[in-house]
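> Protein chains in written order, with our numbering: chain A, 2 to 256; chain B, -2 to 202. Let me give you the structure first, and then I'll get to my questions.
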């Protein structure tokens, strides 16, 4: 049986791990390669690096981080953040990444998703969707945001998921902007609606704060994978602890 | 020396890094002469079947790969497993290396038994049910998980070549062998300790 995946995410800035709450208020917390090796030992199913380096000059640093990580960690590695061109993707894959996650560049030009998946295969193209719940009357809706959640894209998140799937995305990394950083749990309704609607796997992100939240996102949100940062990063929960709990709840995991 | 076949498809570096980590000398090569000189050959790859065969053909690697698959330990990984078979249904019917009899087919998008919708690609960690005794799996216990990413799978003409089965809506051949040929649908180079053990077993063949 296919196991549900637990994916720790490291926000990396200028080669160092940081984690923001709602994308501001960053705290420095170490060497990404060391943290990656620790998660590898603990039984993480994959790793994600989100490069939040702002300056263009600093962009080369992530390649070195990926290179060093891939030398000692033998599990799937996804890198996202600031990917604009086919050459950016090629550089990351050559450095040792297995997948790249594209957000703003896909919103700007959806043909970039097709181009990337034609060139490198859809298995390595993850489209990241930052979604925010639209308040108001009527059935629940979510809108797509870009630029770290600051800019509305004027699109419906579920429809956008379908669009990028049609353009060759291999997976969706779905972040709830409402839940991210709150530790109050994933947006289960958003996750479930997206997962039910799409044929490709959905990775839920944003809001993990407890063991129950992780069980809920698989059982009720029907996520294929769950991404979390701070709970693992600050050692509130270990990956093994999460997986042991999930197995006891009947969620298939790899232990 | 282990030759990792480079035909412009997929990430070869991770296979090389894993083999090097285990102490082997591994070179990435697109040259038929290097494949002929190598002690062992690895055929990795991700992407479309037809494009892969076209690339192998364009680089003149098909005869050398067929020879290698007859003469020396040979490891096919993911698309590299699929290419070993007679033909694939991916994007129309296309001939493969025909080292093993069988066809590559796509996962059904719904489980035949009804029930939950199946996501395609089959992506993530799934368990292996070993059949027979493959030296590749020496030291590993039945039921270990390995990392998969694929939308198509092999239906071998001869089920006795299957060394591991995996369930994903259907039960499919996740590893096959006909010495000196070994092949896995999953990625040992991405399967942490379990995968490294398989690569070590391959190095020691």
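Where is the CB? At the ideal position from N, CA and C, for every residue including glycine. All figures in this text were calculated on a predicted structure; none of them were measured in a lab.
(1) Start and end of the beta strand (DSSP E) containing residue 204 of chain A?
(2) Nearest by alpha-carbon distance to residue 202 of chain A: which of A:40, A:96, A:31 and A:129 is it?
(3) Could you pull the DSSP bridge partners for residue 100 of chain A from this structure?
(4) Taking Cβ positions, are residue 82 of chain A and residue 131 of chain A nearer each other than 9 Å?
(5) On a CA-only basis, which of B:43, B:50 and B:73 is nearest residue 0 of chain B? Give me that one, please.
(6) For residue 182 of chain A, does the count of other Cβ atoms within 10 angstroms reach 16, so buried, or fall short, so exposed?
(7) Within this structure, are the beta carbons of residue 96 of chain B and residue 175 of chain B separated by less than 9 Å?
(8) Tell me whether residue 170 of chain A is buried or exposed, calling it buried when 16 or more other Cβ atoms sit within 10 Å of its Cβ.
(9) If you reduce the DSSP assignment to three classes, tell me which class residue 2 of chain B lands in.
(10) Report the three-state DSSP secondary structure of residue 146 of chain A (helix, strand or coil).
(11) Who pairs with residue 129 of chain A in a beta bridge, going by DSSP?
(12) At least one CB of chain A closer than 9 Å to the CB of residue 189 of chain B: is that the case?
(13) Anything in the region 184 to 208 of chain A with a Cβ closer than 7 Å to a Cβ of chain B? List those residues in chain order, please.
(14) Can the beta-carbon of residue 254 of chain A be found less than 9 Å from the beta-carbon of residue 4 of chain A?
(15) Of all the beta strand (DSSP E) runs that stay within the bounds of the region 6 to 37 of chain B, which reach a length of 3 or more residues?
(16) Using the C-alpha atoms, what's the distance from residue 30 of chain B back to residue 225 of chain A?
(17) At 3 residues or longer, and completely inside the region 45 to 111 of chain B: list those beta strand (DSSP E) runs for me, N to C.
(18) Along the beta strand (DSSP E) that carries residue 156 of chain A, what are the first and last residues, could you check?
(19) Sorted by chain position, which residues of the same chain lie with C-beta nearer than 8 Å to residue 240 of chain A's C-beta, five sequence neighbours on each side aside?
(20) Relative to chain A, which residues along the region 40 to 63 of chain B have a C-beta separation below 9 Å, given in chain order?
(21) Between residue 125 of chain A and chain B, is there a C-beta pair that is closer than 9 Å?
(22) Pop quiz: residue 94 of chain B and residue 61 of chain B are said to be a contact at Cβ under 8 Å. What is the actual Cβ separation, rounded to whole angstroms?
(23) Along chain B, in chain order, which residues have C-beta atoms closer than 7 Å to that of residue 172 of chain A?
(24) Is it right to say residue 203 of chain B is buried, meaning 16 or more other beta carbons lie within 10 angstroms of its own, or is it exposed?
(25) For residue 46 of chain A, which of helix, strand or coil comes out of DSSP?
The relevant details are as follows:
(1) Within the first chain, residue 204 of chain A is the residue found at index 203, counting from 1. Counting along the chain, the beta strand (DSSP E) containing residue 204 of chain A begins and ends at 203 to 206.
(2) As a working note, residue 202 of chain A is residue 201 in the first chain. It is A:129 whose Cα lies nearest to the Cα of residue 202 of chain A.
(3) Within the first chain, numbered from 1, the residue matching residue 100 of chain A stands at position 99. Within the DSSP bridge table, the entry for residue 100 of chain A names A:79 as partners.
(4) Taking the first residue of the first chain as 1, we reach residue 82 of chain A at position 81. Taking the first residue of the first chain as 1, we reach residue 131 of chain A at position 130. At least 9 Å separates the beta-carbon of residue 82 of chain A from that of residue 131 of chain A.
(5) Here residue 0 of chain B refers to the residue found at position 3 of the second chain. Relative to residue 0 of chain B, the option among B:43, B:50 and B:73 whose CA is nearest is B:73.
(6) Position 181 of the first chain, counted from the first residue, corresponds to residue 182 of chain A. Residue 182 of chain A should be labelled buried.
(7) By 1-based counting over the second chain, the position of residue 96 of chain B is 99. By 1-based counting over the second chain, the position of residue 175 of chain B is 178. Yes, the pair counts as a contact, with Cβ atoms nearer than the cut-off.
(8) Translated into the one-based positions of the first chain, residue 170 of chain A becomes position 169. Burial call: buried.
(9) Position 5 of the second chain, counting from 1, holds the residue named residue 2 of chain B. Assignment of residue 2 of chain B by DSSP, reduced to helix, strand and coil, places it in the strand class.
(10) Within the first chain, residue 146 of chain A is the residue found at index 145, counting from 1. It is a strand residue.
(11) Sequence index remark: in the first chain, residue 129 of chain A carries index 128 (1-based). In the DSSP output, where bridge partners are listed per residue, residue 129 of chain A has A:174.
(12) Numbered from 1 along the second chain, position 192 holds the residue referred to as residue 189 of chain B. Interface with chain A (9 Å Cβ-Cβ cutoff): residue 189 of chain B is included.
(13) Taking a C-beta cut-off of 7 Å against chain B, the contacting residues of the region 184 to 208 of chain A are 200, 201 and 202, listed in chain order.
(14) Translated into the one-based positions of the first chain, residue 254 of chain A becomes position 253. Translated into the one-based positions of the first chain, residue 4 of chain A becomes position 3. Yes, the pair counts as a contact, with Cβ atoms nearer than the cut-off.
(15) List check, beta strand (DSSP E) in window: 23 to 26.
(16) The count along the first chain starts at 1 and reaches residue 225 of chain A at position 224. The count along the second chain starts at 1 and reaches residue 30 of chain B at position 33. Rounded to the nearest whole angstrom, the CA to CA distance from residue 225 of chain A to residue 30 of chain B is 44 Å.
(17) Counting only unbroken stretches of 3 or more residues, the beta strand (DSSP E) elements lying wholly within the region 45 to 111 of chain B are 71 to 74, 82 to 85 and 97 to 103, in sequence order.
(18) Here the question's residue 156 of chain A lines up with position 155 in the first chain. For residue 156 of chain A, the uninterrupted beta strand (DSSP E) run begins and ends at 152 to 157, by DSSP.
(19) Within the first chain, numbered from 1, the residue matching residue 240 of chain A stands at position 239. The answer, listed in chain order, is 7, 9, 40, 43, 44, 45 and 233.
(20) From the region 40 to 63 of chain B, only 43, 44 and 45 have a Cβ closer than 9 Å to chain A.
(21) Within the first chain, the letter at position 124 stands for residue 125 of chain A. At least one beta carbon of chain B lies nearer than 9 Å to the beta carbon of residue 125 of chain A.
(22) Indexing the second chain from 1 puts residue 94 of chain B at position 97. Indexing the second chain from 1 puts residue 61 of chain B at position 64. That belief does not hold up - the Cβ atoms of residue 94 of chain B and residue 61 of chain B are roughly 11 Å apart, past 8 Å.
(23) Here residue 172 of chain A is taken as the residue at index 171 of the first chain, counted from 1. Ordered by position in chain B, the residues that pass the 7 Å Cβ test against residue 172 of chain A are 120.
(24) The structure shown has nothing for residue 203 of chain B, since chain B only spans -2 to 202.
(25) Position 45 of the first chain holds residue 46 of chain A. Shown here, residue 46 of chain A sits in coil according to DSSP, grouped into three states, outside any helix or strand.
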